[in-house]
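Reading through the structure tokens given below for one structure.
Number of protein chains: 2
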Amino acid sequence: MNAPETLAAVDELDTSFLESLMGYNARRATLVIVDAFLKGMAVHDLRPVDFSVLSVIAHNSGVTSRQLCSALNIQPPNLVGMLNTLEKRGLIHRVPHPRDGRAMSLHLTTQGVTLIKAAEKSAAELEAAITSSLSAGERKTLMALLKKIYA
Amino acid sequence: MNAPETLAAVDELDTSFLESLMGYNARRATLVIVDAFLKGMAVHDLRPVDFSVLSVIAHNSGVTSRQLCSALNIQPPNLVGMLNTLEKRGLIHRVPHPRDGRAMSLHLTTQGVTLIKAAEKSAAELEAAITSSLSAGERKTLMALLKKIYA
DNA sequence: TATTGTTATACTCTATAACTATA
DNA sequence: TATAGTTATAGAGTATAACAATA
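Now the structure itself:
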């Protein structure tokens, strides 16, 4: 019963082993969510990471680049270009840190505040669409279990 | 109460809005899991994607490149190099497809079978470690809810 | 001596266009 | 005409080393 199997073509794929792994399922779910988020944020000309950066600055006016990097797991050299772009778009501005001459404090401009408000509204709507296959209780449970994994 | 806040430095970051989003939590959890998987698979000199490729071939002897690409969301040009590397390592071999002259059937070598058996054993152990903060019931629930998101 | 922001750079991952052999 | 595998290539995303200014 070995030769026929070895020579046979495969019609439908068995991926049951991969599907038994948390990483496989978490990755697939994340890809679906991030893709929906990516498309939904395109109307604001923001990538997910740009949204995260703006949102953290919005809720933490005066935050430093270094703090942002730690919170969002971004390498400092990779943040520079993002901040330059956001600054050129008139969404943020960098000002000297009040107590540390090396650091820069990040703030949203009026335009930035307007944009992040609209973007966070979009995010909330996307959130509902993304988790529409879940009940309110399931959504809450999923969120809690994911936090347990990375906490 | 606006000026002091604008000028103030930030000590602890408020990331509550991001934490309320499924994408943020799913991505963070996935990063933790994939990183653990990456480190655990390094002893077999396999990246997560190599493990997936070998595992699918192991359970679907004769599968074509195109089928692999569809199942694992890999672009065909990006699979070529991976298969070349696995073939050079003596883990797989490509043979002409029995019923389609354009296609190649993928099979594990004896060495490949030995490796994937050890790697799947490692994967199962990693799985336990990764979800050690969860009860058996929670693990099952998390898996089911993730599948609901991407199904 | 250590840290912040920055530049330059490299490496990986992913995506697209185009070719060939075959269906 | 369409598809499988492949090549070449381009673009993101991510990572490290090193520097000037400041702590």
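Sequences listed follow chains A and X, in order. So for the first sequence, this note's numbering puts the first residue at 6; every next one is plus one. So for the second sequence, this note's numbering puts the first residue at 6; every next one is plus one. Glycine included, each C-beta is placed from N, C-alpha and C at the ideal position. These numbers were taken from a predicted model, which means no experiment stands behind them.
In this structure A/Ala31 is buried. Its beta-carbon is surrounded by 16 or more other beta-carbon atoms within 10 angstroms.
When C-beta atoms of the segment 120-127 of chain A are compared with those of the segment 39-54 of chain A, three or more pairs fall below 8 angstroms, so the two segments count as touching. At a cut-off of 8 angstroms between beta carbons, A/Asp55 makes no contact with chain X. Residues of the segment 114-148 of chain A whose Cβ lies closer than 7 angstroms to any Cβ of chain X, in chain order: Glu125, Ala128, Glu132, Ile135, Thr136, Ser138, Leu139, Glu143, Thr146, Leu147 and Met148.
Just measuring C-alpha positions, the residue of A/Arg107, A/Val100 and A/Asn65 sitting nearest X/Asp16 is A/Asn65.
The segment 84-99 of chain A and the segment 131-145 of chain A do not touch, with fewer than 3 CB-CB distances between them shorter than 8 angstroms. Look at A/Leu151 here: in three-state DSSP terms it is helix. Using a CB distance cut-off of 8 angstroms, A/Pro82 does not count as an interface residue toward chain X. A/Arg33 carries a helical assignment under DSSP once its states are collapsed to helix, strand and coil. When C-beta atoms of the segment 143-152 of chain A are compared with those of the segment 97-111 of chain A, fewer than three pairs fall below 8 angstroms, so the two segments do not count as touching.
It is roughly 20 angstroms from the alpha-carbon of X/Arg71 to the alpha-carbon of X/Gly117. For X/Gly28, the chain A residues whose C-beta falls within less than 9 angstroms of its own C-beta are Thr35, Ile38, Val39, Ala41, Phe42, Pro53, Ala128, Leu131, Glu132 and Ile135, listed in chain order.
Interface with chain A (8 angstroms Cβ-Cβ cutoff): X/Ser70 is excluded. Closest option to X/Ala63, judged by alpha-carbon separation, among A/Lys152, A/Gly142, A/Phe22 and A/Ala128: A/Phe22.
Within the segment 57-131 of chain A, the complete beta strand (DSSP E) segments at least 3 residues long are 97-101 and 109-113, listed from N- to C-terminus.
Chain-order list of chain A residues neighbouring X/Val61: Leu18, Asp19, Thr20, Phe22 and Leu23, by C-beta distance under 9 angstroms.
Straight-line spacing of the CA atoms in A/Leu88 and A/Ile97 works out to 8 angstroms.
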